[in-house]
Amino acid sequence: MLAGLPPVYGLYVSFVAPILYALFGRCPQASLGTFAVVSLLMAEPIERLCAETTESFGGNTTNTEFPIPVCYVPDDTSTGEYFDYRPVIAITLSFLIGIVQISIGVLMLGKLTCYLAPAMVDGFVTGAACHVFSSQVASLFGIKQAKKGDGVGSLFLVFYNLFKHIRKTNLITLAISGTSICFLLLIKLFIEPQLQRCGHCKFPVPSELMLVAIGTVVSHFAELQNNHNVTIVGSITSGMPPISVPQWNLMSPMVTDAIIIGFTSTFLTISLVKLFAMKYNQDIDYNYLSGIPSGLLVIFVLLFLGPYFSVTPTCVLSAIIVVALKNIIAHLLHTPKLWRTYKRDFFLFMITFVVTLVLDVTIGLVVGLVACLLALTEQQRALTITLLDNLPGTELFLHGRAKLATGELHSTKFLYPLSRSIISCRLIGSLNFASSEQLESKITKVLKEHESRLVSLEDFEYPDQSASCNPSNTVSADSILETQQKHQQQQKQQNTTDKRSSAAEEAHRRFSSNLDRIEMAQDKTKKFYLEIHDEKEYAPQRFLLIDISGMTDVDPAGAICLSTVHEQFCSIGVVLVYIGNLSQFQCLDTSKWERFPSLSLSYPTMYDGYLACQNALFEPMVTLHRC
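Numbered according to the numbering used here, the sequence shown spans residues 7 to 633.
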């Protein structure tokens, strides 16, 4: 009905697809048979070709209860017999769609579905569900003037025509529709959950089948079509239709439609399969045989029971479709959660939903795909640099607070005053032509943030000039280096006496010795101050440790930018040291990069780089060397 075909063709489709998929399919979550979105997409080319064919053949058109007028064309000019041309157009279009889908499989284009975000798919399906609902309004109210058209704004035109011709509502049809919807909702929302909760029913109640049976019986004995002008399904012939081949002359006008529908149906099917498989934690079954029983049941209906459903009111079928859409339209209730948790998915959902709702299903899919690509591009362009501090008792450098195994939150320690000259940070993201321009500003922002943290320390006081000249309040570089050597000797003696200590304990002792040295210097002065006798021999330095383990990729533009930034910061006294493997990025040529004489350009861990910079901090300042 959504595609403008007689309802019996839905049975034909539901019979062939499950059996073929049972033999060749590989996933139980795939939607087999009729698909509402695809049916809506097929309605437009069928209607267009019907109009063109009617003009060319001089055929006859009559308005029926279907969205597309019946298109009769001459079967035999000698006898003057006519036949419905809509199924021929649908078969030809389905054949072309099948060719497109086979091409997608051969060319392995199914991987493109990874660019369809689940939020975008939900928004598209929800918008398409609203179009499906609007297509059933005419049947629910019995107003033929409220049929759904095609194009931009067709959904709103349905409701405009509905209110415009509201006085023509068939009250009997409306009563049947309302009763059918209430019947289905009562079973699905109240009776079925109660039965499953009590354990009396482990399978869904066949409420739709019960409703169709009741509606068919009532329509037959009450003669709803003759007495109350209620639209019914119409004649359904028993048995199978004759096998026909596609019309080759119809293929060229529908190539574009076939490509759009082929990609749409394939991408939506794969995306929905992934969603359901993830939701129910199901694996792929390469020979899923449940389609065989359902296919055999449809064959039984076609062979023996088909004519009995000819008097079924179409409003009953529309009520079944509307109730089936409730779970899809309920996706709108999840938008507040999307806004609170992840705003990118919220915007993807709303953009796709609104465009699909207001404009058209095909346009909504294209806009949703473009929105996904833009979101991915923006995410690739994002470059993040965060300050790191040491987690006490470990060699770890983290941002913020860490959760220990006991569940206790442990704050990282800002190693003041040593951190005044040694700054640790982590770079996350891809350094490419789109994001490279942010690198310099991000590093500058980190340095400013570090300076603000130093200023905000309560115990940070600048010593006056008299204090700086007082030897009792001054710690010389030689005394600190001497203290460090003593602690290193004690550590070596302790390691030789206790060889069974774990690696974590050794790291803790190593790091604690450095903290003791720093705290001893801090006790004598409020500010980290070195007595320098020759200002020309020593010069202030800052070391910036950049953890590049989170950097995923570097392209040539990013490599040039990183090299330029490295030289710029080295020229102002900020020595850049990298934590990680620079050689993994082939675009980087570090042979001409400036470096501190006693430091390597990169270190494997943050702790190694921190200790190296700590030792280099007390060395005489010399000119930076190139690697």
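Backbone N, C-alpha and C define an ideal beta-carbon position, used for all residues, glycine too.
Exercise. Return the residue from the list Val560, Ile369 and Val364 that minimises the CA-CA distance to Leu445.
Key: Val560
Quiz item: Do Phe352 and Thr341 have their C-beta atoms within less than 8 Å of each other?
Solution: yes
Quiz prompt | Under the three-state DSSP convention, the category Tyr584 falls into | solution = strand
Quiz prompt | Delimiting residues of the alpha helix (DSSP H) encompassing Arg346 | solution = Thr341 to Thr347
Quiz item: For the candidate residues Ser109, Glu443, Ile105 and Gln620, whose alpha-carbon lies nearest to that of Ser427?
Solution: Gln620
Quiz item: Under the rule that 16 or more other beta-carbon atoms within 10 Å means buried, what is Val223, buried or exposed?
Solution: exposed
Quiz item: So which of Ser589, Glu573, Phe549 and Thr570 has the shortest CA-CA distance to Ser604?
Solution: Phe549
Quiz item: Going straight from the alpha carbon of Ile103 to that of Gln574, what length do you get?
Solution: 58 Å
Exercise. Select from Phe139, Pro51, Gly148 and Gly205 the residue whose C-alpha is nearest the C-alpha of Ser100.
Key: Pro51
Quiz item: For the beta strand (DSSP E) that Leu204 lies in, which residues bound it at each end?
Solution: Sequence inspection shows Cys at residue 204; the Leu mentioned does not correspond to that position. Per DSSP, Cys204 belongs to no beta strand (DSSP E); it is in the alpha helix (DSSP H), Glu198 to Cys204.
Quiz item: Exposed or buried, His572, counting other C-beta atoms within 10 Å across all chains shown (16 or more means buried)?
Solution: buried
Self-check item: Tyr27 classed as buried or exposed, judged by whether at least 16 other C-beta atoms fall within 10 angstroms
Solution: buried
Quiz item: Considering only the beta carbon of each residue, do Thr320 and Gln107 sit closer than 8 Å?
Solution: no
Quiz item: From Pro562, Lys343, Thr270 and Leu582, pick the residue whose C-alpha is nearest to that of Met48; which is it?
Solution: Thr270
Quiz item: Using DSSP with H/G/I as helix, E/B as strand and the rest coil, what is Gly148?
Solution: coil
Quiz item: Cβ atoms of Ala181 and Leu168: under 8 Å apart, would you say?
Solution: no
Quiz item: Got a sec? Which residues, its chain only, sit under 7 Å from Ile267 by beta carbon, not counting five neighbours each side?
Solution: Val44, Leu47, Met48 and Ile103
Quiz prompt | Boundaries of the beta strand (DSSP E) in which Val239 is found, first to last residue | solution = Unbroken run through Val239: none, as it is neither H nor E.
Quiz item: Counting pairs of Cβ atoms below 8 Å between the stretch 10-25 and the stretch 225-237, do you hit three or more?
Solution: no
Quiz item: What residue range is occupied by the uninterrupted beta strand (DSSP E) comprising Cys593?
Solution: Careful: Cys593 lies outside any beta strand (DSSP E) and carries neither H nor E.
Self-check item: Residue of Asn176, Glu198, Asp90 and Gln200 minimising C-alpha distance to Glu53
Solution: Asp90
Exercise. Would you kindly work out how many angstroms separate the C-alpha atoms of Val461 and Lys454, rounded to a whole number?
Key: 11 Å
Quiz item: Quick one: Cα of Ala125 to Cα of Phe162, how far?
Solution: 24 Å
Self-check item: Nearest-angstrom Cα separation, counted from Ala23 out to Cys204
Solution: 36 Å
Exercise. Measure the CB-CB distance between Ile110 and Cys56 and report whether it falls below 8 Å.
Key: no
Quiz prompt | the stretch 173-189 contacting the stretch 368-388, beta-carbon criterion three pairs below 8 Å | solution = no
Quiz item: Cα separation between Thr570 and Leu380?
Solution: 29 Å
Quiz item: For Leu190 versus Ile326, is the C-beta distance shorter than 8 Å?
Solution: yes
Quiz item: Buried or exposed: where does Met612 fall if 16 or more other Cβ atoms within 10 Å of its Cβ makes it buried?
Solution: buried
Quiz item: Skipping 5 residues on each side, what residues in its chain have a beta carbon closer than 6 Å to that of Lys349?
Solution: none
Practice problem: Verify whether the separation of the beta carbon atoms of Ser145 and Val164 is less than 8 Å. | Solution: no
Quiz prompt | His405 classed as buried or exposed, judged by whether at least 16 other C-beta atoms fall within 10 angstroms | solution = exposed
Quiz item: Under 8 Å, do Phe130 and Leu371 count as touching if we go by C-beta distance?
Solution: yes
Quiz prompt | Distance CB(Val376)-CB(Ser186) smaller than 8 Å | solution = no
Quiz item: In the DSSP assignment, what residue or residues form a beta bridge with Cys431?
Solution: Leu393 and Ile552
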